[in-house]
Amino acid sequence: MKFKLITYNVWQGRHLDKVIQFLQSEKADIVCLQEVGMRGQGQGAAEVNLFEEIKQGLGIDGIYRRYFWADEGQGKYDMGIAIYTGLPVREIKEFRYERRATEEILEAGGKDRYNIPRVLIGQKIGIGGGKLWVFTTHHTITPHAGVTEHQLQATKQVKGFLADYDEYILCGDMNTPYGNENYELLSQGLADVSKPTEPTLHPTIHKVGYKRYHVDYVFIKGKGIKQVSTRIPVMDASDHLPVVVELEV
Numbered sequence: 001m002k003f004k005l006i007t008y009n010v011w012q013g014r015h016l017d018k019v020i021q022f023l024q025s026e027k028a029d030i031v032c033l034q035e036v037g038m039r040g041q042g043q044g045a046a047e048v049n050l051f052e053e054i055k056q057g058l059g060i061d062g063i064y065r066r067y068f069w070a071d072e073g074q075g076k077y078d079m080g081i082a083i084y085t086g087l088p089v090r091e092i093k094e095f096r097y098e099r100r101a102t103e104e105i106l107e108a109g110g111k112d113r114y115n116i117p118r119v120l121i122g123q124k125i126g127i128g129g130g131k132l133w134v135f136t137t138h139h140t141i142t143p144h145a146g147v148t149e150h151q152l153q154a155t156k157q158v159k160g161f162l163a164d165y166d167e168y169i170l171c172g173d174m175n176t177p178y179g180n181e182n183y184e185l186l187s188q189g190l191a192d193v194s195k196p197t198e199p200t201l202h203p204t205i206h207k208v209g210y211k212r213y214h215v216d217y218v219f220i221k222g223k224g225i226k227q228v229s230t231r232i233p234v235m236d237a238s239d240h241l242p243v244v245v246e247l248e249v
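This is the structure in structure tokens:
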């Protein structure tokens, strides 16, 4: 059975209508999103419940988990990740990692974006007569897109969570340029089907888009999953570009 998966950092819903229109047009079977706020944010972001708005726009169910919330003087806001699918969901998993910061620290006014707690979520989805785990995360960021011991330790945590799974998809904004040390650790034992030599930061909207980094990935593990096609459409709905992958099981 062939199916379509999209991973997309939606930039806190700054252009939510465009995001929803794109996702509606793609009709993906599984949609994994990062920077999804439960209440939206200030500074030009949509002041709505992004998770619910997208769920209603797609007409399919989903799960949401936040990784932090904060109050920056323009109202409290959440930041999280989501998976949407119209396929049957058999089981849900959640793993917390990156514990140098806490929600309480950020609530009190913490500004250190390199110490944000993170979460990995997964769904066991019924597909093609079998079941397949799909995981997504918004991984630890580093200064100037470099590699830090902090990020490497977080990657080891993620790999540890997934060590007992024989077959799965792992996708999301990994904050890791293709080919660096953290990428090599993250991708070990996995097949990268995200066209990693093509950039996934918007060339003009993202502040370092001109550097043509690829940081959004779809990895697969298991002989039963095969890549059919991959696209990275250039569109103005976010500072990241979506990765659209067709797979077969």
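Going by the numbering used here, the residue at position 138 of the sequence shown is 138; the numbering climbs one at a time, nothing skipped.
Glycine included, each C-beta is placed from N, C-alpha and C at the ideal position.
Closest Cα partner of residue i within the set the options
i    : options                   : result
V89  : G146, V193 and L132       : L132
T176 : P199, Q227, Y168 and D166 : P199
G59  : M79, W69, T197 and V31    : V31
N182 : T155, Y67, D216 and F95   : T155
F95  : R66, N115 and Y84         : R66
Start-to-end residues for the beta strand (DSSP E) that takes in residue i
i    : result
Y217 : D216 to K221
N9   : K2 to N9
V91  : A small correction: the amino acid at residue 91 is Glu; Val does not occupy that position in the sequence shown. V89 to Y97 is the span of the beta strand (DSSP E), which, as asked, contains E91.
Q12  : No beta strand (DSSP E) holds Q12; DSSP gives it neither H nor E.
Y168 : Y168 to D173
T250 : Since the first residue of the chain shown is 1 and the last is 249, residue 250 is not available in this structure.
Nearest-angstrom beta carbon gap, residue j and residue i [assumed within contact, 8 Å]
i    : j    : result
M174 : F22  : Rounded, the Cβ-Cβ distance is 21 Å, inconsistent with contact.
L120 : T137 : 4 Å
L247 : L87  : Actually they do not touch by this definition, with Cβ atoms about 13 Å apart.
Q227 : V249 : That pair is no contact at about 11 Å.
H139 : Y178 : That belief does not hold up - the Cβ atoms of H139 and Y178 are roughly 14 Å apart, past 8 Å.
I20  : G57  : 4 Å
V218 : R231 : Not confirmed; about 11 Å, so no contact.
D216 : T85  : The Cβ separation is near 19 Å, so there is no contact.
Continuous alpha helix (DSSP H) stretch holding residue i: start and end
i    : result
G57  : L50 to L58
V19  : L16 to E26
T155 : E149 to L162
L185 : E181 to S187
heavy atom of the ligand GTP below 8 Å from residue i C-beta
i   : result
D17 : Although the ligand GTP was asked about, the structure shown includes no ligands whatsoever.
Close-in-space but distant-in-sequence residues of the same chain around residue i (CB under 6 Å, 5 per side omitted)
i    : result
A191 : I220
G122 : K93, W133 and F135
A82  : L33, V36, F51, G62 and Y64
K211 : none
T142 : T148 and Q151
Q157 : Y97
G109 : A caution first: G109 carries a pLDDT of 45, below 50, which makes its placement in the model unreliable, though a value can still be read off. None.
Spatial neighbours of residue i in its chain, beta-carbon cut-off 8 Å, leaving aside the 5 residues before and after
i    : result
L16  : V10, A46, V48, L50, E53 and I54
V208 : A145 and L201
E104 : At E104, the pLDDT of 49 sits below 50, so the modelled position is not reliable and the matter cannot be decided from this model.
K2   : V228, E246, L247 and E248
7 Å CB neighbourhood of residue i in its chain, flanking five on each side removed
i    : result
D166 : G222
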